[in-house]
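Please read the structure below before turning to the comments.
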Amino acid sequence: MINRFRAHWRRIIFQSSRWDEKTFDVLLIIAISLSVVVVMLESIPTLNPDLRRALYVVEWVITILFTLEYVLRLYVSLRPLRYARSFFGVVDLLAILPTYLDLLLPGAHYLALLRVLRVLRIFRVLKLAKYIGETNVLIHAMRSSARKISIFIFAVVVLVLILGSLMYLIEGAEHGFTSIPK
91 MINRFRAHWR
101 RIIFQSSRWD
111 EKTFDVLLII
121 AISLSVVVVM
131 LESIPTLNPD
141 LRRALYVVEW
151 VITILFTLEY
161 VLRLYVSLRP
171 LRYARSFFGV
181 VDLLAILPTY
191 LDLLLPGAHY
201 LALLRVLRVL
211 RIFRVLKLAK
221 YIGETNVLIH
231 AMRSSARKIS
241 IFIFAVVVLV
251 LILGSLMYLI
261 EGAEHGFTSI
271 PK
């Protein structure tokens with residue numbers, strides 16, 4: 091029973107070919123995106139206190155979900171230590187640590203933008219997309235270029251988010267950095 095549970099969830103978490111596996115990945119990407127938006131909105135100083143409290147609760151709910159997902163990944167993995175040391179294992183850990191660190195170190199919460207790195211999992215889903223047949227060279231070339239451009243834009247957005255949050259933390263409001271979006 092336990093082995094069947096582990097095998098079932100290992101397939102859902104680590105593969106992306108069936109509908110339930112893809113659904114898991116899509117829900118994870120939505121949660122990641124929501125988390126990044128929440129962290130960015132929390133940095134706005136003029137935010138309504140009630141909205142700020144709501145965002146704080148949402149951030150903790152997402153962090154707890156990410157923590158449960160990370161523990162589940164370790165549990166169902168055939169080699170948990172290997173997964174924990176892998177690129178995605180480290181990224182997953184970096185995604186949950188900032189919120190917990192914020193309890194000890196004020197301001198560490200904004201490092202939760204590192205969570206955006208988890209969106210890299212989307213490429214696992216996208217690689218399964220069907221391409222138009224090789225007979226249409228022009229459409230194939232445009233798709234290839236569009237994907238490369240999308241990856242480049244995605245990398246730039248990730249860097250801007252990370253560096254913007256670092257500038258916000260380092261420079262602060264006294265130097266004109268009143269929020270991460272600004």
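Its first residue numbered 91, the sequence shown is counted upward by one per residue in my numbering. Cβ coordinates follow ideal geometry from the N, Cα and C atoms, glycine included.
Through-space distance from Trp150 to Val53, alpha-carbon basis:
Since the first residue of the chain shown is 91 and the last is 272, residue 53 is not available in this structure.
From Pro271 to Ile92, what does the alpha carbon distance come to, in whole angstroms?
46 Å
Go to Pro139, then tell me how far its alpha helix (DSSP H) extends in each direction, as first and last residue.
Pro139 to Val166
Going by CA-CA distance only, name the one from Val250, Leu155 and Ile260 that's closest to Ile119.
Leu155
Is Arg163 closer than 8 Å to Leu103 when the C-beta atoms are compared?
Rather than Leu, the amino acid found at residue 103 in this sequence is Ile. Contact flag set, yes.
Can you tell me where the alpha helix (DSSP H) with Gly179 in it begins and where it stops?
Phe177 to Leu194
Go ahead and pull the three-state DSSP assignment for Thr136.
coil
Shortest alpha-carbon distance to Ile260 belongs to which of Pro196, Ala236, Arg108 and Val246?
Pro196
For Phe244 and Ala236, what's the separation of their Cα atoms in angstroms?
12 Å
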